[in-house]
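The structure under discussion appears below in the form of structure tokens.
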Amino acid sequence: MAELMKGRVIFRGQAAGKVLRSEAPLGLFGHLDPKTGVYREAGHPLDGKSVKGRVLVFPRAKGSTVGSYILYALRRAGKAPAAMILSECDTIVAVGAIIAEIPAVDGVDLSALRDGVAVTVDGQEVRFEAR
Amino acid sequence: MKLTAKQRAILSGKKGKGAAKAMEILAALGRIHGAADLVAVGSVQVSGVSYGNIGEHGLAFLEDWAAMGSKAVVPATMNPGGSDRRLWKSLGFSAAFVKKQERVIRALEGLGIRPSLTCTPYHVGVTPKLGEHVAWAESSAVCFANSVLGARTNREGGPSAIAAALAGVTPRHTLHTDEGRLPTRIVEVKCRVPTAADAGALGYLVGRLAASDQKGGVPFITGVTPPGGPERLTWLKALGAGMAASGSVGLYHLDCVTPEAVAQGSRLAKAAGQRSVVKDLAEGYRTLDRGAGKIDVVAVGCPHASPEDLTRILRLLNWKKAKLPFWIFVAEEVRRQAETDGVAASLGRCGATLVADTCIVVSPLQSLGIRTVATDSAKAAFYLPSHHGAAVYFGPLEQNVEAALRGSWQSS
Numbered sequence: 055m056a057e058l059m060k061g062r063v064i065f066r067g068q069a070a071g072k073v074l075r076s077e078a079p080l081g082l083f084g085h086l087d088p089k090t091g092v093y094r095e096a097g098h099p100l101d102g103k104s105v106k107g108r109v110l111v112f113p114r115a116k117g118s119t120v121g122s123y124i125l126y127a128l129r130r131a132g133k134a135p136a137a138m139i140l141s142e143c144d145t146i147v148a149v150g151a152i153i154a155e156i157p158a159v160d161g162v163d164l165s166a167l168r169d170g171v172a173v174t175v176d177g178q179e180v181r182f183e184a185r
Numbered sequence: 007m008k009l010t011a012k013q014r015a016i017l018s019g020k021k022g023k024g025a026a027k028a029m030e031i032l033a034a035l036g037r038i039h040g041a042a043d044l045v046a047v048g049s050v051q052v053s054g055v056s057y058g059n060i061g062e063h064g065l066a067f068l069e070d071w072a073a074m075g076s077k078a079v080v081p082a083t084m085n086p087g088g089s090d091r092r093l094w095k096s097l098g099f100s101a102a103f104v105k106k107q108e109r110v111i112r113a114l115e116g117l118g119i120r121p122s123l124t125c126t127p128y129h130v131g132v133t134p135k136l137g138e139h140v141a142w143a144e145s146s147a148v149c150f151a152n153s154v155l156g157a158r159t160n161r162e163g164g165p166s167a168i169a170a171a172l173a174g175v176t177p178r179h180t181l182h183t184d185e186g187r188l189p190t191r192i193v194e195v196k197c198r199v200p201t202a203a204d205a206g207a208l209g210y211l212v213g214r215l216a217a218s219d220q221k222g223g224v225p226f227i228t229g230v231t232p233p234g235g236p237e238r239l240t241w242l243k244a245l246g247a248g249m250a251a252s253g254s255v256g257l258y259h260l261d262c263v264t265p266e267a268v269a270q271g272s273r274l275a276k277a278a279g280q281r282s283v284v285k286d287l288a289e290g291y292r293t294l295d296r297g298a299g300k301i302d303v304v305a306v307g308c309p310h311a312s313p314e315d316l317t318r319i320l321r322l323l324n325w326k327k328a329k330l331p332f333w334i335f336v337a338e339e340v341r342r343q344a345e346t347d348g349v350a351a352s353l354g355r356c357g358a359t360l361v362a363d364t365c366i367v368v369s370p371l372q373s374l375g376i377r378t379v380a381t382d383s384a385k386a387a388f389y390l391p392s393h394h395g396a397a398v399y400f401g402p403l404e405q406n407v408e409a410a411l412r413g414s415w416q417s418s
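If you want it as structure tokens, here you go:
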């Protein structure tokens with residue numbers, strides 16, 4: 055059965071993909087390789103995983119303000135995530151989502167969005183298959 | 007958040023793709039921060055200019071944005087870049103780096119932003135009035151504009167400041183509102199703070215205290231006043247730069263000194279929920295002054311030096327010759343003035359170099375072979391170890407001039 059959640063739109067758009075979920079905050083600058091889309095941070099749940107085409111689910115970002123440009127670089131390299139769903143979006147991710155045109159929503163309960171679950175994002179609406 | 011008909015038209019692309027992107031960023035940030043509306047700004051100051059900081063991806067983004075053809079609709083200036091546009095060769099910057107840096111500047115100029123390349127727009131003719139809304143990004147400039155001038159700006163980032171320049175507006179929240187400017191914490195200072203370096207060390211301590219307060223904190227500082235004369239502004243500038251570096255303070259009130267504290271007095275202080283005491287500056291100096299070994303460069307002018315600072319440095323040098331490279335960072339416009347009135351030549355005879363368009367914090371120090379720096383700036387002393395792996399001697403201007411003349415640091 056499809057479940058529906060509504061959040062706050064950061065960047066409006068439609069996207070579909072499988073969840074790539076991180077319980078820990080994401081450091082964009084210095085960790086997310088814009089050439090490959092692979093996240094690298096020792097001990098981090100996403101270490102070694104690619105964000106390309108995935109619906110990236112994470113609580114919030116951390117670190118340098120240059121992080122917005124990393125999302126832009128991912129888009130240019132064709133390695134951007136399909137969408138981003140956060141608990142709490144800050145200026146860095148918001149600016150990054152807008153300039154990279156990655157549909158993004160925040161303020162939703164992330165607990166149901168388990169790794170690998172198929173999700174569609176459409177504006178403020180997040181739909182996923184409940185298990 | 008409410009958008010006016012005109013703002014909605016910009017959002018829908020009536021004023022071009024670049025302006026639409028700008029409005030999209032501002033509307034989203036306004037929503038995130040709970041802004042009531044977008045407020046018109048009198049000026050904009052853009053950060054994220056140094057190629058060393060923003061790199062290839064930042065450059066690509068700025069060039070793409072510039073290619074959309076929209077331009078700033080309000081006066082907008084640039085923060086320092088990564089190299090001196092005139093003296094780069096003699097100072098040891100690589101041609102490859104300078105080429106990239108020039109591309110960043112050209113892209114920003116394409117967006118209608120003036121290449122002032124300074125963290126002190128107020129030294130090059132951009133001085134917002136009391137109560138004026140602006141959108142500035144450089145953290146020390148934000149603190150100066152809010153606190154000393156009584157203007158109103160949040161701590162913007164590079165893209166959000168450019169967006170404000172292209173749209174002429176910024177989301178009205180936090181430091182743009184009366185409520186957001188109320189102090190969160192009273193900081194009682196129980197020691198003397200005579201020099202600008204001392205003010206920087208105090209700022210560093212205050213920034214750390216306020217870091218846990220809401221929205222970066224608004225300290226209300228009592229028990230201390232700046233010196234009189236031309237050193238007054240240098241002192242206030244250093245105080246703000248220190249707390250903007252160690253914390254995220256965008257506004258401080260100084261009892262009986264800064265305009266809102268003067269106008270509202272103890273009524274203003276009543277809003278503060280927290281109280282701290284600074285007994286002495288020792289902890290600040292212990293953390294910031296950790297130099298060791300030979301000094302590669304004595305660097306002052308962080309934030310960029312004023313014309314008055316230059317005369318003071320000249321007086322301290324007293325026609326003696328520096329034994330170490332002695333760099334004074336200024337805005338290019340201030341350097342040109344110093345060249346016209348002869349101060350630059352006099353400083354040059356004492357072995358001091360006016361370096362413009364860049365600063366000690368955002369230039370690629372490691373590639374210049376700089377590992378140990380002496381400075382009078384708490385902000386520089388805070389950032390250089392983590393950003394550039396440099397060791398820093400930190401002390402008052404007098405101690406820095408003495409180090410340059412003697413060739414080594416003398417502990418005070």
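Those protein sequence lines, which keep their order, are chains A and B. Note that the numbering used here has the first sequence beginning at 55, numbered continuously upward. Note that the numbering used here has the second sequence beginning at 7, numbered continuously upward. Just so it is clear, CB atoms sit at the ideal spot from N, CA and C, and this is done for glycine as well. On a predicted model such as this, the values are computed, not experimentally measured, just so you know.
### Query
Val-284(B) by DSSP, collapsed to three states: which one?
strand
### Task
Measure from the C-beta of Ser-146(B) to each C-beta in chain A and report whether the shortest distance is under 8 Å.
no
### Query
In chain order, what residues of the same chain have a beta carbon less than 7 Å from the beta carbon of Ala-328(B), not counting five sequence neighbours either side?
Cys-356, Gly-357, Ala-358, Ala-410, Leu-411
### Task
On a CA-only basis, which of Trp-325(B), Arg-187(B), Ala-396(B), Thr-228(B) is nearest Leu-257(B)? Give me that one, please.
Across the set Trp-325(B), Arg-187(B), Ala-396(B), Thr-228(B), the C-alpha of Arg-187(B) shows the shortest separation from the C-alpha of Leu-257(B).
### Beta carbon of Ser-312(B) nearer than 8 Å to that of Thr-240(B)
yes
### Query
Name the DSSP beta bridge partners of His-259(B), please?
Phe-226(B)
### Task
Could you tell me whether any Cβ in chain B is nearer than 8 Å to the Cβ of Thr-145(A)?
With respect to chain B, the C-beta atom of Thr-145(A) has a partner C-beta closer than 8 Å.
### Task
Along the alpha helix (DSSP H) that carries Phe-99(B), what are the first and last residues, could you check?
Taken as a continuous stretch (DSSP letters only), Phe-99(B) belongs to no alpha helix (DSSP H), as it is neither H nor E.
#### Entry: Own chain partners of Gly-163(B) with C-beta closer than 8 Å, once the 5 adjacent residues on each side are dropped
Ser-53, Gly-54, Ala-143
### Query
Which residues in the same chain as Ala-72(B) place their Cβ atom closer than 6 Å to its Cβ, once the five residues preceding and following it in sequence are excluded?
Ala-113, Gly-116, Leu-117
### Query
Rounded to a whole number of angstroms, what is the C-alpha to C-alpha distance between Gly-36(B) and Leu-123(B)?
Pairing Gly-36(B) with Leu-123(B), the inter-Cα distance amounts to about 28 Å.
### Message
Here's a check: name, in chain order, each residue in its chain whose Cβ is nearer than 7 Å to the Cβ of Ser-352(B), leaving out the five neighbours to either side.
### Response
Residues Leu-320 of the same chain have their beta carbon placed closer than 7 Å to that of Ser-352(B), with the five preceding and five following residues left out of the count.
### Task
Mind listing the chain B neighbours of Arg-130(A)? Cutoff is C-beta to C-beta under 7 Å, in chain order.
Ala-66
### Query
Is it a yes or a no for the region 153-163 of chain B touching the region 17-34 of chain B, going by three-plus beta-carbon pairs under 8 Å?
no
### Query
My guess is that Met-59(A) and Asp-169(A) are in contact by the Cβ rule of under 8 Å, so how many angstroms apart are they, rounded?
Not quite, the Cβ-Cβ distance comes to about 17 Å (not below 8 Å), so this is no contact.
### Residue from Phe-400(B), Pro-177(B), Leu-330(B), Ala-171(B) whose Cα sits closest to the Cα of Ala-207(B)
With distances taken between Cα atoms, Ala-207(B) lies closest to Phe-400(B).
### Message
Looking at the strands, I want to know which residues DSSP matches up with Pro-189(B).
### Response
Answer is none; Pro-189(B) lacks a bridge partner.
### Bounding residues of the beta strand (DSSP E) (the contiguous stretch that carries Glu-57(A))
56-60
### Message
Tell me the rounded alpha-carbon separation between Gly-224(B) and Ala-384(B).
### Response
The sequence shown places Val at residue 224(B), rather than the Gly named in the question. Each residue's alpha carbon lies about 19 Å from the other.
### Query
Quick one: does Thr-119(A) have its CB under 8 Å from some CB of chain B?
yes
### Task
Name the residue from Asp-347(B), Ala-350(B), Leu-390(B) whose alpha carbon lies nearest to the alpha carbon of Val-368(B).
Among Asp-347(B), Ala-350(B), Leu-390(B), the Cα nearest to that of Val-368(B) belongs to Leu-390(B).
### Neighbourhood of Pro-81(B) by C-beta, 6 Å cutoff - its chain only, sequence neighbours within 5 removed
Excluding sequence positions up to five before and after Pro-81(B), its CB lies within less than 6 Å of the CB of Ser-49, all in the same chain and listed in chain order.
### Task
Compare the C-beta of Ala-250(B) against all C-beta atoms of chain A and say whether one is closer than 8 Å.
Closer than 8 Å: no.
### Query
Going by Cα to Cα distance, which pick from Thr-228(B), Arg-178(B), Ala-298(B), Val-284(B) is closest to Leu-215(B)?
In terms of Cα proximity to Leu-215(B), the closest of Thr-228(B), Arg-178(B), Ala-298(B), Val-284(B) is Val-284(B).
#### Entry: Straight-line gap, Ala-46(B) to Ile-168(B) (C-alpha atoms, nearest Å)
14 Å
### Task
In angstroms with no decimal places, state the Cα-to-Cα distance between Thr-90(A) and Tyr-126(A).
13 Å
### Message
Going by beta-carbon coordinates alone, are Asp-175(B) and Leu-44(B) separated by less than 8 Å?
### Response
It should be noted that the sequence gives Val, not Asp, for residue 175(B). For Val-175(B) and Leu-44(B), yes; Cβs fall inside 8 Å.
### Query
Name the chain B residues whose beta carbon is nearer than 9 Å to that of Ile-156(A)?
What Ile-156(A) touches in chain B: nothing, since even the nearest Cβ is about 12 Å away.
### Message
Against chain A, does Leu-323(B) count as a neighbour if the rule is that its beta carbon must be under 8 Å from one of theirs?
### Response
no
### When Ile-153(A), Ala-78(A), Val-109(A), Lys-103(A) are compared against Asp-87(A), the one with the closest alpha-carbon
Lys-103(A)
### Task
Check the Cβ of Phe-65(A) against every Cβ in chain B and list those closer than 9 Å, keeping chain order.
Glu-30, Ala-34
### Task
Could you name the residues that DSSP lists as bridge partners for Met-84(B)?
Per DSSP, Val-52(B).
### Query
For Glu-345(B), which three-state DSSP category applies?
helix
### Message
Once DSSP output is grouped into helix, strand and coil, what is the label at Trp-241(B)?
### Response
helix
### Query
Leu-74(A) lies in the beta strand (DSSP E); which residues open and close that run?
68-75
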